[in-house]
Amino acid sequence: MQVLVSLSESTNKEKSSVIPSTPILKPDEDETAYMRRELDFSRLDAIYDKLCWAGRPLNINPLHRQKMTQRDVLITQQADLHLSCYDCARGFLLSHAKLVNSEADHRIAVDLCLIPNVPWERWSLFAADIIRKIPDLSLAKRFWYGELRLTRLNKIYYLCYGSLRGYHFGYNHYRPFFESDFGSLLIVFIYVTVALTAMKVVLACSDINSSPALQHFFRDLILALIALHFGRLLPTLKSPPADLTGKVAIVTGGNSGIGLQIALELARKGSTVYLACRNVIKAEEAVSRITSQIPASKGRVQCLILDTSSLKSVHAFASDWEMLNTKIDLLFHNAGIGSTIAGQEYSTDGFPLIYVTNFLGSFLLTYLLETHLSSDARIIMTSSTAQYGSAFSPKFSLSSMKEDLEPGFHVPVTRSKPSEPASDLAAYIQTKAMQVAFVKLLQNHFDRKSAETGTQNRRLVFASSPGLTQTPIFAKGREQGFSENLIAWVSAIVAVDVSQGAATSVWLACTNDDAVVGEGMGGGYWDRMTRRVSSIDMMSKEMVERFWLRWEADAGVEWR
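Under our numbering, the very last position in the sequence shown is 592; numbers go up by exactly one each time.
Take a look at the structure:
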């Protein structure tokens with residue numbers, strides 16, 4: 033900024049007690065603090081991952097182009113409205129150099145008092161020097177994007193933070209607000225009206241009125257959908273303090289996203305944590321990240337190699353754990369994918385990749401590690417609200433995609449063409465429902481074994497829904513269809529952060545509340561620290577129990 037100010041010809045050579053071209057600055061006010069405040073872009077940095085909905089990277093049109101598109105150029109002292117700290121100042125300079133890149137732009141900028149009244153020749157040399165010497169990657173993150181649409185910034189703040197005033201409230205009276213936003217308000221009104229009407233129709237059905245189970249199911253389904261879309265507006269989930277010193281935990285997929293957050297919270301509570309990941313480099317980086325944040329956890333956080341998409345890797349991990357000869361107190365099945373890459377839809381074992389990664393590998397791993405589980409071990413599977421989708425599918429598939437399947441039981445995933453793989457989203461929904469079915473059946477397995485030995489079972493199994501969370505689970509894959517694109521679009525706006533996504537799983541691992549760990553409470557599906565009726569609860573006991581036989585056959589084990 034001092035370089036820019038020095039371009040303006042001044043007859044006063046004496047040092048001024050105020051910063052030129054600024055609001056009045058008190059003589060005793062710190063100039064550095066003032067400039068840092070004036071160039072504050074923290075509000076934009078907070079929503080940086082969503083700025084793609086408001087503008088394009090490095091998109092800055094010159095001033096004459098702004099005039100051609102009938103845009104008004106307004107004077108403001110609010111820096112975070114510019115094109116709407118050192119790196120901030122450099123970005124501010126670079127954006128002005130790109131805005132004023134012709135003599136016509138220079139005349140407009142001088143007339144609007146955007147730059148000092150200096151000759152065009154001197155400005156052009158100065159601007160060229162700025163563009164040449166300031167690389168884009170050295171700027172504050174806000175300046176990696178160019179022009180941002182203020183209306184879209186307002187919508188991002190509406191949805192992400194529940195701020196009715198949005199990013200910048202430009203109305204002094206309600207009349208112009210309703211005149212300009214009536215269309216959006218009408219759409220929201222219609223959406224809510226249709227949703228409430230649909231709920232009333234559901235509740236009016238005679239079958240539902242005569243079935244408390246159906247009533248509970250649709251109640252929890254509606255609550256889950258509300259939490260899915262408006263999770264950011266709901267109260268923050270907080271796990272109570274707990275001491276896990278001496279506890280040993282395994283977290284699959286613990287190098288990023290929800291798994292990393294779970295591992296971080298467990299380490300903070302004193303647990304010894306093993307990150308079970310397929311990429312050793314990323315796993316070691318995750319260990320370093322945890323220990324840097326929690327120095328006391330150094331030596332208590334380690335990584336082991338595990339690829340749940342490979343049954344061979346699962347067996348190898350179990351063999352490695354056998355050599356460690358360590359009891360397991362907490363087992364988190366978090367590893368999973370939401371999409372596949374073209375040509376890689378199947379695992380090396382011949383199973384659909386999403387099926388074996390999200391579920392079958394976890395099923396086999398639990399079987400192989402059962403003898404190492406402590407007497408009060410807890411197993412927690414990261415499921416999803418998507419499991420409700422299986423309740424409305426006429427073909428709930430537990431697919432190994434083989435031909436020699438039991439007639440009438442196994443239905444292959446629907447294919448649009450014989451040579452094309454099934455929809456990734458359909459497979460994802462099915463595996464999330466399988467996880468819920470598995471925790472229910474596994475809890476029954478533990479209870480039955482305890483009854484046979486005459487001991488009280490203290491092993492508990494839970495399925496946990498993180499809600500719509502900011503993770504890259506759907507980021508990579510084949511050409512995305514409408515459903516996948518819709519999920520990605522909604523996630524970018526309304527998804528909660530990973531600390532909230534992991535909160536319920538961590539809470540299930542720590543809590544001693546009788547309403548959670550009491551008699552008969554294991555085997556349930558939990559969302560936002562509340563037990564919910566799941567899609568599996570609406571299926572017959574016989575049907576759910578037959579799933580276990582399919583999983584045994586696919587994993588090549590007999591687990592009784």
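Every residue gets a Cβ at the ideal spot worked out from N, C-alpha and C, and that includes glycine. What you are looking at is a predicted structure, and each value in this text was computed from that prediction instead of being measured.
Along the chain, where does the beta strand (DSSP E) that runs through residue i open and close?
| i | result |
| --- | --- |
| residue 568 | No beta strand (DSSP E) contains residue 568, which DSSP labels as neither H nor E. |
| residue 410 | 405 to 414 |
| residue 304 | 304 to 309 |
| residue 146 | From DSSP, residue 146 is part of no beta strand (DSSP E); its letter is neither H nor E. |
Candidates the options: which alpha carbon is nearest residue i's?
| i | options | result |
| --- | --- | --- |
| residue 331 | 574, 306, 340 | 306 |
| residue 592 | 535, 475, 549 | 475 |
| residue 304 | 313, 280, 548 | 280 |
| residue 421 | 462, 382, 399 | 462 |
| residue 355 | 496, 409, 401 | 401 |
| residue 569 | 585, 470, 550 | 470 |
| residue 274 | 386, 557, 301 | 301 |
| residue 329 | 159, 467, 296 | 296 |
| residue 146 | 357, 485, 137 | 137 |
| residue 398 | 161, 163, 559, 365 | 365 |
| residue 498 | 340, 484, 543, 417 | 417 |
| residue 383 | 141, 143, 586, 162 | 586 |
| residue 338 | 404, 283, 375, 550 | 283 |
| residue 482 | 534, 530, 408 | 408 |
| residue 132 | 148, 159, 492 | 159 |
| residue 340 | 392, 377, 127 | 392 |
| residue 412 | 537, 489, 324 | 537 |
| residue 267 | 554, 578, 582, 535 | 535 |
| residue 528 | 552, 555, 560, 285 | 560 |
| residue 562 | 531, 548, 493, 501 | 548 |
| residue 554 | 580, 479, 539, 500 | 479 |
| residue 571 | 465, 155, 551, 142 | 465 |
| residue 386 | 455, 347, 486 | 455 |
| residue 558 | 573, 551, 541 | 541 |
| residue 164 | 153, 130, 152, 311 | 130 |
| residue 500 | 532, 127, 552 | 532 |
Kindly indicate the opening and closing residues of the alpha helix (DSSP H) around residue i.
| i | result |
| --- | --- |
| residue 537 | 530 to 542 |
| residue 460 | 456 to 485 |
| residue 19 | Residue 19 falls outside the range modelled here, since the chain spans only 33 to 592, and no answer is possible. |
| residue 377 | Neither: residue 377 is in no alpha helix (DSSP H) and is coded neither H nor E. |
| residue 395 | 393 to 401 |
| residue 320 | 312 to 325 |
| residue 547 | 546 to 549 |
When DSSP builds the beta bridges, which residues end up paired with residue i?
| i | result |
| --- | --- |
| residue 559 | 497, 562 |
| residue 599 | Residue 599 lies beyond the stretch modelled for the chain, which goes from 33 to 592, so this question has no answer here. |
| residue 281 | 305, 362 |
| residue 384 | 378 |
For a test of the three-state rule: what should DSSP assign to residue i, helix, strand or coil?
| i | result |
| --- | --- |
| residue 160 | helix |
| residue 589 | coil |
| residue 334 | strand |
| residue 292 | helix |
| residue 490 | coil |
| residue 38 | Confidence in residue 38 is poor, its pLDDT being 48 and thus under 50, which makes the residue's placement too unreliable to answer from. |
| residue 130 | helix |
| residue 581 | helix |
| residue 553 | coil |
| residue 437 | Caution applies to residue 437, whose pLDDT of 38 falls short of 50 and renders its modelled position unreliable; the model cannot decide the point. |
| residue 186 | helix |
| residue 390 | helix |
| residue 137 | helix |
| residue 222 | helix |
| residue 274 | coil |
| residue 421 | helix |
Are residue i and residue j touching if we call contact CB-CB under 8 angstroms?
| i | j | result |
| --- | --- | --- |
| residue 342 | residue 288 | no |
| residue 419 | residue 271 | no |
| residue 315 | residue 349 | no |
| residue 359 | residue 406 | yes |
| residue 473 | residue 577 | yes |
| residue 373 | residue 390 | no |
| residue 530 | residue 222 | no |
| residue 313 | residue 299 | no |
| residue 318 | residue 286 | yes |
| residue 336 | residue 352 | yes |
| residue 396 | residue 468 | no |
| residue 496 | residue 414 | yes |
Comparing the CB of residue i with every heavy atom of the ligand NAD, is any distance shorter than 7 angstroms?
| i | result |
| --- | --- |
| residue 131 | No copy of the ligand NAD occurs in the structure displayed, which carries no ligand at all. |
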